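Novice: Chains as they are written, first to last, in my numbering: chain A, 1 to 212; chain B, 1001 to 1212. Note that beta-carbon positions come from the ideal geometry of N, C-alpha and C, so glycine has one too. Computed from a prediction, not measured in an experiment: that's the story for all the values here.
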DNA sequence: AATAAACTAAGTGATTCTACTTATAGCTTA
DNA sequence: TAAGCTATAAGTAGAATCACTTAGTTTATT
């Protein structure tokens, strides 16, 4: 109960990191042991500081927060990760838990939930914020398949990233050393999986969901 | 000096609002007099509470933070608005000042800058965070035209919004009651202005800059 | 060993987008 | 009044995407 819980905060917006640090430091047995604004620093600090909890924004600019989370969990199994995200997409929640996260908050969560989640996860429980819980429930009730929406493969995600950057199939093929017709096939499969009509919408979808 | 400065916070992420409230309430002569997570509530609260300063996130989900800012400034000229944004795009900074904002911070600003900006703006000065100042300087030095990048017209922005939603020129034309060839012309002009090669990149650009 | 999933590639045809140009009408501003 | 911007529209040509299909190879998993 009175043991100090060491927390590492990872988010690429300084103002947000400082604001959360402020909140957490008002809680008696919490101590913010470090902050990082990118995946590399996060990994380095996790090794040095050995935090109990990492608050991880999975929408980092450069690299994917998914990979960073995966690395940390693999290398430091004792460290628990609470994922923090701007979106309420259920497939992303499932994915991050599959990787090994122990908690999930959105930026619509309350301060109370933030504190609660850290304590609960430290005590060995899993934590999902109210907003997401309700959405899972609603999704289960009306039987829609939002949470069973097909996942993209890593190759497909790679290609999505190039598409958002405005590359043509030909250019992507050259970069990946595959035929432009193969890239076309991937594009087609991606759009079909996600039920999206074209690259323009795919692009904004990817931005929104934090794939890029 | 000892007068209380009333601050209204507008941001669509509860956790961020609470975090900033936390910071500001630790400053002796600051008082957070309200929070809003959308443009309508912001306007209502501005009328009721008559804050000295409004901290306005200009990347609100539903409506544009630009319009909200414009409305508030027109209706309550005594209220100063400090714009807060995730991006460091100089053309957006210029635009928000043209509308009538008195300060600009990014989410990479520090806590110190947040507090400083409120005090300075309350004292009648304008405020721009360090990060943006440096970018303006750099831009002026190497003479690149990033800050003179052409602005999109309101029609063009309207069309960009439809493009990001995956509509074809034909569909957009039908919605706007204009020829699909006119939409094509607009598309061409948009891409040329922004020096972007295709709709896919345009789409992620628009997401990134908060146009949609 | 067998099955499934993912990656690869290509054919075909339709649709859509992009580039560049010309042109008219309306509105604003110097 | 002239110049300039915006919105409208269309011609032409070429590039790229999208839909749907078939199919061989590799990689995992059971």
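Could you tell me which residues DSSP puts in a beta bridge with residue 1006 of chain B?
Specialist: Residue 1006 of chain B pairs with B/1031.
Novice: Could you tell me which of B/1091, B/1069 and B/1095 sits nearest to residue 1135 of chain B, measuring between CA atoms?
Specialist: Of the candidates B/1091, B/1069 and B/1095, the one whose C-alpha sits nearest the C-alpha of residue 1135 of chain B is B/1091.
Novice: With DSSP collapsed to three states, give me the class of residue 178 of chain A.
Specialist: It is coil, neither helix nor strand.
Novice: Within 10 Å of its beta-carbon, does residue 108 of chain A have 16 or more other beta-carbons around it, so buried, or fewer, so exposed?
Specialist: Burial call: buried.
Novice: With a threshold of 16 other CB atoms inside 10 Å of the CB of residue 40 of chain A, please say whether the residue is buried or exposed.
Specialist: Exposed, because fewer than 16 other Cβ atoms sit within 10 Å of the Cβ of residue 40 of chain A.
Novice: Residue 176 of chain A: which of A/158, A/187, A/57 and A/188 sits nearest, CA to CA?
Specialist: Closest option to residue 176 of chain A, Cα to Cα, is A/158.
Novice: Using 9 Å as the limit for Cβ to Cβ distance, is residue 16 of chain A near chain B?
Specialist: True, the Cβ-Cβ gap to chain B drops below 9 Å.
Novice: Less than 9 Å separating the beta-carbons of residue 4 of chain A and residue 46 of chain A?
Specialist: Not closer than 9 Å, so no.
Novice: Just to confirm the assignment, what range does the alpha helix (DSSP H) spanning residue 164 of chain A have?
Specialist: Here the alpha helix (DSSP H) through residue 164 of chain A covers 154–164.
Novice: Less than 6 Å between C-beta atoms, sequence neighbours within five positions excluded: which residues of the same chain meet that for residue 1170 of chain B?
Specialist: The answer, listed in chain order, is 1180.
Novice: I want to see whether chain B comes within less than 9 Å of residue 51 of chain A, judged by CB atoms only; does it?
Specialist: No - not a single Cβ of chain B is within 9 Å of the one on residue 51 of chain A.
Novice: Of all the CB atoms in chain A, is at least one closer than 9 Å to the CB of residue 1096 of chain B?
Specialist: Not an interface residue.
Novice: Establish whether the CB of residue 1203 of chain B and some CB of chain A are separated by less than 9 Å.
Specialist: At least one chain A Cβ lies under 9 Å of residue 1203 of chain B.
Novice: Would you call residue 1078 of chain B buried or exposed, if buried means 16 or more other Cβ atoms sit within 10 Å of its Cβ?
Specialist: It is exposed - the Cβ of residue 1078 of chain B has fewer than 16 other Cβ atoms within 10 Å.
Novice: How big is the Cα-Cα spacing for residue 1117 of chain B and residue 1124 of chain B?
Specialist: Straight-line Cα distance between these residues: approximately 11 Å.
Novice: Check whether the Cβ of residue 105 of chain A lies closer than 9 Å to any Cβ atom in chain B.
Specialist: It does: the Cβ of residue 105 of chain A has a partner Cβ on chain B nearer than 9 Å.
Novice: For the alpha helix (DSSP H) that contains residue 199 of chain A, what are its first and last residues?
Specialist: Note, residue 199 of chain A: alpha helix (DSSP H), 199–209.
Novice: Under 9 Å, do residue 58 of chain A and residue 83 of chain A count as touching if we go by C-beta distance?
Specialist: Yes, the pair counts as a contact, with Cβ atoms nearer than the cut-off.
Novice: Do residue 55 of chain A and residue 7 of chain A have their C-beta atoms closer together than 9 Å?
Specialist: Yes.
Novice: In the structure shown, what three-state DSSP assignment does residue 1103 of chain B receive?
Specialist: Reduced to three states, the DSSP call for residue 1103 of chain B is strand.
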